[in-house]
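A.B. asks:
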Amino acid sequence: MNTWLERHVQTLVGSLGRLWTKPFSTLLTILVIGIALALPACLHVLVQNVRSASGGWGNALDISVYMKPKASLDQARQAAERIRKRRDVESVTLVKADDALEEFRRGSGFGEALDALKDNPLPHALVVRPAAGARESARVAELSEELRKVDGVDIVQLDTAWVSRFNAILDVVRRIVLLALGLFALGVLVIVGNTIRLDIENRRDEIEVTKLVGGSNAFVRRPFLYNGVWYGLGGGLVAWLVVTVVMTALGEPVQRIAGLYGSRFELQGLGLQGSAALLLGGAALGWMGSYIASTRQLRGIEPK
Amino acid sequence: MIRFDHVWKRYPNGREALCDLSLEIDRGEMAFLTGHSGAGKSTLLKLIALIERPTRGTLVVNGQNTGTLPRSKIPAFRRQVGVVFQDHKLLMDRPVYDNVGLPLVIAGVPEKDIGKRVRAALDQVGLLGRERNRPLELSTGEQQRVGIARAIIGKPSLLIADEPTGNLDPDLSLEVMNLFKRFNEVGVTVLIASHDLHLIEQFGVRRVVLEGGRATGGDVEPMPEVISIVAERT
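Residue numbers (our numbering), protein chains in the order written: chain S, 4 to 307; chain R, 5 to 238.
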């Protein structure tokens with residue numbers, strides 16, 4: 004067991020040393036793998052960020068309830084009280100007609116035009132936020148139906164359509180990321196496989212000699228498998244660097260945009276888990292590409 | 005140790021290298037294999053090292069039938085047979101140490117034992133202290149001896165050599181042959197292909213002569229090489 008482990012570590016280090024002897028071609032291979040991995044990784048991080056940004060839009064599900072124009076403030080208060088007692092409602096905020104007018108005057112720039120009106124044209128309104136467990140579109144639709152029946156309520160406005168549209172688009176994008184990942188993973192397999200194939204061809208004599216003195220296919224293959232792991236790991240590292248650089252470059256402008264929208268949103272990088280997945284995934288792909296290529300090719304090399 | 009029983013070997017290109025060869029080499033025996041070039045000496049050795057398989061007939065080496073041994077068992081089989089090649093077949097980009105130690109690395113011997121055994125093997129062939137050299141820094145004779153050290157380091161019970169003195173001057177040749185004789189004296193079965201009759205005569209061991217060419221009537225095409233075995237003990 005000890006000898007076995009010792010031998011594996013030796014081969015692992017030995018194959019790294021061998022790659023070191025031809026730094027240019029090794030670097031080239033690693034860069035190609037890295038770029039291939041960086042693209043889906045960047046897309047993934049972007050989608051993750053969009054998701055977490057849109058996760059803060061719980062208020063998008065708020066239901067606006069407008070009282071009838073004739074309804075008094077007391078009526079509105081009673082309605083709010085009744086709605087608040089419902090189990091599928093988290094909170095109810097009463098927006099008095101006067102407050103609403105004041106806000107509209109400040110926000111819209113139509114202040115002077117409003118002054119020309121004799122009466123306040125706005126009704127009292129309630130902003131109803133569904134409880135956490137009742138935010139699927141079906142439950143929300145049901146709730147708004149019930150709200151419509153409450154005394155004094157005129158219009159119930161529910162604007163979730165764009166949220167579901169947005170989520171649907173996000174799902175498509177996520178699927179595209181997955182497909183891209185699969186495609187680029189395949190590309191990495193081919194790159195590693197082809198590189199290993201050339202490595203094997205260059206060391207044909209050595210392989211023949213090793214087989215002559217009793218080396219099995221598994222023994223001969225081992226250094227090439229480790230080569231593949233190094234290529235993949237190096238590629239993963241390059242991809243990680245690319246993602247980090249891209250995220251750093253985008254961080255500031257995105258924060259500025261978020262600031263303009265009054266959000267404190269910040270771009271998230273790969274994180275520990277994502278980084279580990281990228282590196283390990285790269286190594287695993289390298290191992291697999293090398294395994295496929297070397298198993299096929301080494302069988303054909305026999306001493307003459 | 006080695007038993008050829010009506011063995012034929014025909015290569016894919018149609019060349020018939022061995023025809024109906026029967027031959028037995030006993031355990032612990034030392035024998036020379038002679039004959040003109042093209043007589044089938046190399047083919048015979050390749051069959052023993054399982055680099056080639058017989059086309060017909062059976063060849064049993066060390067109790068194993070080389071015709072039916074599965075591919076997966078070939079590496080283990082080769083580890084029991086030490087082979088010395090005319091062209092040494094060394095790894096030119098690795099030091100002598102790595103070359104000689106390779107069979108032990110394959111066999112999974114611990115690193116600390118490998119060092120000891122490599123030095124012991126190099127000592128036996130008179131190359132102690134050269135383990136850090138690369139093969140190209142050595143003379144042909146020295147390279148040949150590195151090849152011999154590699155062949156014997158795994159303590160094989162059978163040692164075969166294809167023209168081990170082919171590129172050596174007479175003094176060196178004698179030295180190398182004496183080396184083989186010493187291994188034989190400690191119980192290793194040794195079979196050496198050589199066409200250096202003058203050298204062979206100096207050793208009182210069995211000679212196996214392969215001869216090509218046998219006339220058969222009526223055939224217009226070039227005859228296949230036919231080998232008859234003349235085994236003589238001197």
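Beta carbons: idealized from backbone N, C-alpha and C, even for Gly.
What is the DSSP secondary structure of residue 217 of chain R, counted as helix, strand or coil?
C.D. replies: At residue 217 of chain R, the pLDDT of 27 sits below 50, so the modelled position is not reliable and the matter cannot be decided from this model.
A.B. asks: Between the alpha carbons of residue 123 of chain S and residue 102 of chain S, how many angstroms are there, rounded?
C.D. replies: Going from the Cα of residue 123 of chain S to the Cα of residue 102 of chain S covers about 10 Å.
A.B. asks: Going along chain S in order, which residues have a C-beta closer than 7 Å to the C-beta of residue 95 of chain R?
C.D. replies: Those are 209, 212, listed as they occur along chain S.
A.B. asks: Is the Cβ of residue 54 of chain S closer than 8 Å to any Cβ of chain R?
C.D. replies: It does not: the Cβ of residue 54 of chain S has no partner Cβ on chain R nearer than 8 Å.
A.B. asks: Could you tell me which chain S residues have their CB closer than 7 Å to the CB of residue 16 of chain R, listed as they occur along the chain?
C.D. replies: The premise fails here: residue 16 of chain R is roughly 12 Å from chain S at the closest Cβ pair, so nothing lies under 7 Å.
A.B. asks: Taking all protein chains shown into account, do 16 or more other C-beta atoms lie within 10 angstroms of the C-beta of residue 234 of chain S, making it buried, or fewer, making it exposed?
C.D. replies: So residue 234 of chain S counts as buried.
A.B. asks: DSSP on residue 202 of chain R, reduced to helix/strand/coil?
C.D. replies: It is helical.
A.B. asks: What's the C-alpha gap between residue 143 of chain R and residue 207 of chain R?
C.D. replies: Computed Cα separation, rounded: 26 Å.
A.B. asks: Output, in chain order, the set of chain R residues within a Cβ distance shorter than 8 Å of residue 7 of chain S.
C.D. replies: Within chain R, the residues near residue 7 of chain S are 112.
A.B. asks: Say whether chain S places a C-beta atom closer than 8 Å to the C-beta of residue 115 of chain R.
C.D. replies: Yes, contact with chain S.
A.B. asks: Since residue 70 of chain S sits in a beta bridge, which residues does DSSP pair it with?
C.D. replies: S:156, per the DSSP bridge assignment.
A.B. asks: What residues of chain R sit near residue 21 of chain S, judged by a beta carbon separation below 7 Å?
C.D. replies: In chain order: nothing, as chain R lies at least about 10 Å away.
A.B. asks: Below 8 Å between beta carbons: does that hold for residue 104 of chain R and residue 35 of chain R?
C.D. replies: Not closer than 8 Å, so no.
A.B. asks: Please report whether the beta-carbon of residue 307 of chain S lies at a distance below 8 Å from any beta-carbon of chain R.
C.D. replies: By this cut-off, residue 307 of chain S is an interface position.
A.B. asks: What runs of the beta strand (DSSP E), each 3 residues or longer, lie entirely inside the stretch 91–175 of chain R?
C.D. replies: Runs found: 162–166.
A.B. asks: Would you say residue 310 of chain S reaches chain R, if we count a Cβ-Cβ gap shorter than 8 Å as a contact?
C.D. replies: It is not possible to answer for residue 310 of chain S, since the shown part of chain S is limited to 4 through 307.
A.B. asks: May I have the straight-line CA-CA distance separating residue 99 of chain R from residue 208 of chain S, to the nearest angstrom?
C.D. replies: The straight-line gap from Cα to Cα measures roughly 16 Å.
A.B. asks: Is there a Cβ from chain R that is less than 8 Å from the Cβ of residue 10 of chain S?
C.D. replies: Yes, residue 10 of chain S counts as interfacial toward chain R.
A.B. asks: Using only alpha-carbon positions, find the residue among R:136, R:111, R:112 that is nearest to residue 123 of chain R.
C.D. replies: The shortest C-alpha separation from residue 123 of chain R is found at R:136.
A.B. asks: Would you please state the rounded distance, in angstroms, between the beta carbons of residue 27 of chain R and residue 212 of chain R? I believe it to be under 8 Å.
C.D. replies: 6 Å between Cβ atoms; contact.
A.B. asks: Looking at chain S, is there any beta carbon in it that lies within less than 8 Å of the beta carbon of residue 48 of chain R?
C.D. replies: Judged by the 8 Å Cβ criterion, residue 48 of chain R is not in contact with chain S.
A.B. asks: Along chain R, in chain order, which residues have C-beta atoms closer than 9 Å to that of residue 215 of chain S?
C.D. replies: By Cβ distance, chain R contributes 53, 55, 82, 87, 89, 93.
A.B. asks: Tell me which residue opens and which closes the alpha helix (DSSP H) that residue 296 of chain S is part of.
C.D. replies: Its alpha helix (DSSP H) spans residues 274–302.
A.B. asks: If the cut is a Cβ gap below 7 Å, which residues of chain R does residue 219 of chain S touch?
C.D. replies: Within 7 Å Cβ-Cβ: 79.
A.B. asks: What's the gap between the Cα of residue 22 of chain S and the Cα of residue 161 of chain R?
C.D. replies: Rounded to whole angstroms, residue 22 of chain S to residue 161 of chain R spans 38 Å at the Cα level.
A.B. asks: If we define contact as Cβ-Cβ less than 8 Å, is residue 154 of chain R a contact residue for chain S?
C.D. replies: Cβ-Cβ to chain S under 8 Å: yes for residue 154 of chain R.
A.B. asks: For a cutoff of 8 Å on Cβ pairs, would you count residue 192 of chain R as touching chain S?
C.D. replies: Residue 192 of chain R does not count as touching chain S.
A.B. asks: Restricting to Cα atoms, I'd like to know which of R:88, R:139, R:58, R:90 is closest to residue 20 of chain R.
C.D. replies: Comparing Cα-Cα distances from residue 20 of chain R to each of R:88, R:139, R:58, R:90, the minimum goes to R:58.
A.B. asks: Report, in whole angstroms, the separation of the C-beta atoms of residue 196 of chain R and residue 184 of chain R, which I expect to be a contact under 8 Å.
C.D. replies: Their Cβ separation, rounded to whole angstroms, is 6 Å, which keeps residue 196 of chain R and residue 184 of chain R in contact under 8 Å.
A.B. asks: I want to know whether the stretch 252–261 of chain S touches the stretch 291–306 of chain S - three or more CB-CB distances under 8 Å.
C.D. replies: The stretch 252–261 of chain S, when compared against the stretch 291–306 of chain S, does not touch it at the 8 Å Cβ threshold.
A.B. asks: Please list, in chain order, the residues of the stretch 97–108 of chain R that have any C-beta partner in chain S closer than 7 Å.
C.D. replies: Cβ contacts with chain S come from 106, 107.
A.B. asks: Please go through the stretch 14–99 of chain S and give each complete beta strand (DSSP E) segment of 3 or more residues, from N-terminal end onward.
C.D. replies: Correct list: 66–70, 92–98.
A.B. asks: For residue 213 of chain S versus residue 106 of chain R, is the C-beta distance shorter than 8 Å?
C.D. replies: Yes, these two residues count as a Cβ contact at 8 Å.
A.B. asks: Mind checking residue 205 of chain S: buried by the 16 CB within 10 Å criterion, or exposed?
C.D. replies: Exposed: under 16 other Cβ atoms inside 10 Å.
A.B. asks: Which runs of the alpha helix (DSSP H) fall wholly inside the stretch 101–186 of chain S and span at least 4 residues, in chain order?
C.D. replies: For the stretch 101–186 of chain S, whole alpha helix (DSSP H) runs of length 4 or above, ordered along the chain, are 114–118, 140–151.
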